[in-house]
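Which chain is which? The protein sequence lines are F and D, in order. So for the first sequence, the working numbering puts the first residue at 40; every next one is plus one. So for the second sequence, the working numbering puts the first residue at 395; every next one is plus one. All C-beta atoms in this analysis are idealised placements derived from N, C-alpha and C, irrespective of residue type, glycine included. These notes concern the structure reproduced below.
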Amino acid sequence: MTSYLLRRAGASLVVLAMASIVVFLGVRALPGDPALALAGEERDPVALVQIREKYGLDDPVVVQYGNYVANSVQGDLGFSTRTGTSVTTLIGERLPVTLELALLAMAVGILIGIPAGIIAALKRGTAWDYVSNAFGLLGLSVPNFWLGLLLILFIAVQLGLLPASGYVPFFEDPVENLKRMIMPAFVLGTGLAAVLMRQMRSAMLESLSSDYIRTARSKGLPERQVVLVHALRNSLTTVVTVIGLQLGALISGAVVTETIFVIPGFGKLLVDAVFQRDFPIIQGAALLTVVGYIVVNLLVDLSYSLLNPRIRVSGAAS
Amino acid sequence: MRGHRRTLPTTLAAVALLSACGGGGGASSTPDGAAPDTRAVSKGGDLVLALAEDPDVLDPSLGRTLVGREVFVNMCEKLYDVDEELQIVPQLAAALPETSADGLSVTITLRTDAVFNDGTPLDAAAVKTSLDRHLSIKGSARKTELAAVSGVEVVDPATIQLTLSKPFAPLAGQLADRAGMVMSPAQLTKLGDDFGSSPVCVGPFSFVSRQAGNSIELKKSTDYYDADKVNLDTITYRVITDANVRLANVRSGDVQVSERISATDVDKVAADQTVRLVTGEPLGYQGISINIGNTAGVGEPVGKVTTALGTNKDLRKAFELSLDRNVINQVVFAGKYVPGCFPLPPGNPFLDESLTCAERDLDAAKKLIADSGVAAPVPVEMTIGTSPENLRLGQVIQSLAKEAGFDVKVKSTEFASALDASDAGKYDAFQVGWSGRVDPDGNINDFLTTGGARNISGLSNPQVDAALATSRSSIEMAERKTAFTEALKISAEERPIIYLYHQRNFLVSTAKVAGIAFYADGLPRLKTAGLTA
C-alpha cells in the first residue's frame, strides 16, 4: 500500500508540473492583452507600458514561468492585477464558499438521486421507474440559470420565503447561511441528482441480475438484506466514482449558480478573472483546481478497496 | 493680478445636458416625468446597492472603471464636482479655479473645514501630495489627464497653484473626476502603493472593507464636514453581474438600489408600484468604429487598410445611410435611448445646431455602392460584444444594411479580445461605445486626433487635429464650441465612427429609498439618500 501511495504521489507531481505548464501557456494563449483589459477605458500608451512592466508582462515567457513556479512553491500566487488583492487571500476566501456549496449540492444530489435510482431499479417498468427517469431527464436538461431565476422569482420575490441572494459565512450565522444556501444548493444539486439516479439505476439493475444476488436469494436471505447489503454495496462502487468525478464538476460548474445567487465562490472568481485577463488569479485558481482533482481522484481510487474487498490495488496486494 | 484672472463659469465647460426627446427635463430625474423626489427620510439605516461589475483597485491614481467611480463618489470627494446640470461646482475647493490671462497658471483655494476620514486635516500640502502622486506613480491612470500640469505649488495652507505647460481647457473637468480626488497623506505614508486596499479620503462615507468580486462596505463618516446631511449608517455595494438578478433582488428587498437596468425592463419597472425608477440622461455614446487607417496599432503612424469600408469613404456614407437609428432604438432598446450621430448627446451646449443627422436613404446608399465600383454585396465584418442586447443590435444592423447591399458578418467577441484586436488594428468595424465625460474633450479629442490614445479607427486629418488643438488651448466656451464643430463636421465626412445612439442610465430602487442624486454621469450619489419612515 505504501509503495502504491508513493507511486501515485510521484505520478501526481508529474501531472502537476505538466498542468502548470499547460495552465501558464494556456493563459497566455488567450486572445486579449491583460494590460489593455486592466486599462479599460483609461488606456494610453504610457500607462500600458507601465502596467506591463509592473506585472512583469513584458518579461520573456520563460522568465515569467520561472517566477511563477518559484513563487508558487513558496505559496505566493501573486496579486490580482485588477484589485491588487493577494491571490492566496482571494482563494482562501472563495474556496470554502464553493466547497460548502458543492457539498450541500452533493448532499441534495445524493439524497434525491440515490433513493430515486434504487426505487427505479427495484420497480423497473412501473410508474415509479418512469417518474424517476422523467425526473432524471429534467434534471439534466434544465439549465441552472433558468431554474435559479425561477426559484428567485417564485420563492424570494413572490413568496418572500428565502433571501434572493448573498452569502453569510456559516460560522458567523449558521441559520442565515443555510437560508441563503438552500436554493443554490438545490439548483446545483438537481443535475447531480439526475446523473446519480441514472447511474444508480443501471448499477442496481446489473447487480440485481448477478449470480451472487441469485445465490443470496436462494439462501433465503430477506429481500431487504439482499438489496441493501449485497446489491447496493456493489452498485455503490460505480456511483462513488461518479460522485468523485462530479465533485470537480460541481466546483467548476458552480459558477453559473454563484453568479445568479451572488455567492462569492471560487468558480466565479476564476471566470471573472478570465474575462478580466487577471493572469495571477487564473493561474492560481487553475493550479489549485488541478491539485483538487488529483487529490479527489486519489481518494476515490483508495475508497474502492474499502467498498469492494475483491478490488485490491496492485501495490497493496503484493 | 487678480483682475486678469477669469473664473470657470464663463470660460470652461459648464455643460447642461438637456433631454434629447424634448421633455425629459434636466440631467437626471426621478420616475419618468415625475417631480423630484423630496420625501423625508429618517436618520440611520443600511443600504445595499447592486453594481453590475466589480470595481478595480480603489486607488484614485490607479482606478480606471466606471463602477469604481460609483464607489469613489461616496467616499472620495474631489476638488470639484458637477451638479444636476453637469455644471462644475466646488467640492473640496472653496471656489471655482482662477486661470491666469495666459492660461498657464491655475489657482485653487481650498475649503478649510475638510478633514480626512482618519481625522487628519485637508490642506494644500495634502492636495499637492495627491496631485504629485497622480503624476508620478507607476501605471497612473491620471497622468494623461493631468499631462498639461508641469508643477504644483503650495501658496499657503488653503491655496494651491498649478503651472501648466500649455493652456488646457479640460483641466477643471479632470479635477471634477478622479484626478481631483485628494488622498490622506497619513494613509499614503502608511500604505504607499497599496493605498487602494484601504483608501482614506474626505467623504460622507468611509471605507470599511472589501471582498474582491463580491462586496464593498462603507460606513458614515464621523469626520465629514457636512455630516449633518448624511442619513445612512452604512452602504454595501454588492456585485451582481446579471441584470435580471439585480432587478429580482430589488423586488425581493435584498438590495435597495440597483444600477444599469436593461432598457427593455424600464416600462415594466415604471409600472411596478413597489419600486422606483430613476433616469439619468446620457453623457456618452455608442457607435460603430471603422478601421480606416489603423494598420500598426493605436498611436502608431496610420497605414493603408484593405477592407472595402475602410478604403472608401463613399461606402462608409452608404453604410450610414442604410441604417435607421430610430428603428435600432425602438427594436433593440424599446425606444428608451437617444438616437444620435455625434459624440455629444443632443442638447449638449457644445453641440452646434448646424450638426444634424442624415436620415435613412436606401436609394442614395444603393447609388453610392453602385458608383463605388465595388460589387454588391459589400462585405463588412462587424465585431460586437457577447451580451444578448449586443447580439440583437448586431442583427438589426445586419438586417438594415442588407437592404442597401451590405453583407454584414456579425462577429460576437468577448470584450477583452475585441479590445485587443481593435487596438492592434485587426478589425474591419467594431460596435463599441464610450461612457462619456463632463467636458466634451473627453468624448472627442482622443478618439479623433492623430495618434490619440483611443483613436482605434486610425483617422489622421490635419484639419481635425488643428481644430481639436484649438479646443484644448482656448479657454473661451464659444471658441471651443466653434473648434469642436469644425472637427466634428470634417470627421462626419470621413466617418471613422458612425455614431448610433446615446445610452440613458436607469437606476431602480425600492420604494422606501429617497434622496439619491443621480446625474448624467451615471454615479449614484448617496450623501443625502435615506430610507423613508
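query: Would you mind reading off the limits of the alpha helix (DSSP H) that contains HIS528(D)?; result: 518-530
query: ASP801(D) and PRO771(D): beta carbons closer than 9 angstroms?; result: yes
query: Could you give the residue range of the beta strand (DSSP E) that holds ARG640(D)?; result: First-last for ARG640(D): 637-646, but that is the alpha helix (DSSP H), not the beta strand (DSSP E).
query: Name the DSSP beta bridge partners of PRO484(D), please?; result: TYR474(D)
query: I want to see whether chain F comes within less than 9 angstroms of GLY586(D), judged by CB atoms only; does it?; result: no
query: Based on DSSP bridge pairs, tell me the residues matched to MET776(D).; result: VAL804(D), ALA823(D)
query: By Cβ distance, which residues of its chain are closer than 8 angstroms to GLN650(D), with the 5 residues on each side in sequence left out?; result: LEU441, VAL442, LEU443, VAL644, SER903, THR904, LYS906, VAL907, LEU925
query: Relative to the C-alpha of LEU882(D), which candidate in LEU842(D), ALA795(D), PHE900(D) has its C-alpha closest?; result: LEU842(D)
query: Along the region 620-642 of chain D, what residues have a CB closer than 7 angstroms to any CB found in chain F?; result: ARG632, ILE634, THR635, ASP636, ASN638, VAL639, ALA642
query: From LEU930(D) to LEU176(F), what distance separates their C-alpha atoms?; result: The question about residue 930(D) has no answer, for chain D in this structure spans 395 to 927.
query: Excluding five sequence neighbours on each side, which residues of the same chain lie with their C-beta closer than 6 angstroms to the C-beta of ALA36(F)?; result: Outside the displayed span of chain F (40 to 357) sits residue 36(F), for which this structure offers no information.
query: Of all Cβ atoms in chain F, is any one closer than 9 angstroms to the Cβ of ARG754(D)?; result: no
query: Measure from the alpha carbon of LEU360(F) to the alpha carbon of each residue in GLU215(F), ARG240(F), LEU55(F), LEU45(F), then state which is nearest.; result: This structure leaves residue 360(F) out entirely; chain F is present only between 40 and 357.
query: Less than 9 angstroms between CB atoms is the rule here; does VAL279(F) satisfy it with respect to chain D?; result: no
query: DSSP three-state call for GLY697(D): helix, strand or coil?; result: coil
query: Give me whichever residues DSSP pairs with LYS613(D) in a beta bridge.; result: SER600(D), THR628(D)
query: Nearer than 8 angstroms: is that true of the beta carbon of ILE299(F) relative to any heavy atom of the ligand ADP?; result: Looking for the ligand ADP in the displayed structure turns up nothing, as the structure carries no ligands at all.
query: Using the beta-carbon count (16 or more within 10 Å), is GLN485(D) buried or exposed?; result: buried
query: Kindly list the residues whose CB is nearer than 7 angstroms to the CB of GLN680(D), restricted to its own chain and excluding five residues on each side of it in sequence; keep chain order.; result: GLY827, LEU894, TYR895, GLN897
query: Do you know offhand how far PRO598(D)'s Cα is from GLY462(D)'s?; result: 16 angstroms
query: Sorted by chain position, which residues of the same chain lie with C-beta nearer than 6 angstroms to ALA58(F)'s C-beta, five sequence neighbours on each side aside?; result: VAL329
query: In three-state terms, what does DSSP make of SER342(F)?; result: helix
query: Please decide whether LEU582(D) counts as near chain F, where near means a Cβ-Cβ distance under 9 angstroms.; result: no
query: Could you tell me which chain D residues have their CB closer than 7 angstroms to the CB of ASP83(F), listed as they occur along the chain?; result: THR538, ALA847
query: Run through chain D and tell me which residues come within less than 7 angstroms of ASP132(F), C-beta to C-beta.; result: The sequence shown places Glu at residue 132(F), not Asp. Near GLU132(F) (Cβ distances below 7 angstroms), the residues of chain D are GLN605.
query: Restricting to Cα atoms, I'd like to know which of ASN742(D), ALA541(D), PRO551(D), GLU539(D) is closest to ASP507(D).; result: PRO551(D)
query: According to DSSP, is GLY678(D) part of a helix, a strand, or is it coil?; result: coil
query: Say whether the region 560-576 of chain D touches the region 534-543 of chain D, bearing in mind that this needs 3 or more beta-carbon pairs closer than 8 angstroms, one atom from each stretch.; result: yes
query: Give the single residue among ASP666(D), GLY779(D), THR658(D) whose Cα lies nearest to the Cα of GLY729(D).; result: THR658(D)
query: Taking Cβ positions, are ARG316(F) and GLY117(F) nearer each other than 9 angstroms?; result: no
query: For the region 547-587 of chain D, list the alpha helix (DSSP H) runs that are entirely contained and at least 4 residues long, ordered along the chain.; result: 565-569, 579-585
query: When DSSP builds the beta bridges, which residues end up paired with VAL605(D)?; result: In the sequence on display, residue 605(D) carries Gln and not Val. SER609(D), per the DSSP bridge assignment.
query: Distance, Cα to Cα, GLY123(F) vs ALA270(F)?; result: 54 angstroms
query: At 7 angstroms on the CB atoms, spell out the chain D contacts of ILE90(F), in chain order.; result: GLY533
query: Hey, is the region 686-693 of chain D in contact with the region 845-854 of chain D, meaning 3+ C-beta pairs nearer than 8 angstroms?; result: yes
query: Which residues in chain D have a C-beta closer than 9 angstroms to the C-beta of PHE193(F)? List them in chain order.; result: Under the 9 angstroms cutoff, chain D gives no residues; its nearest Cβ is about 10 angstroms from PHE193(F).
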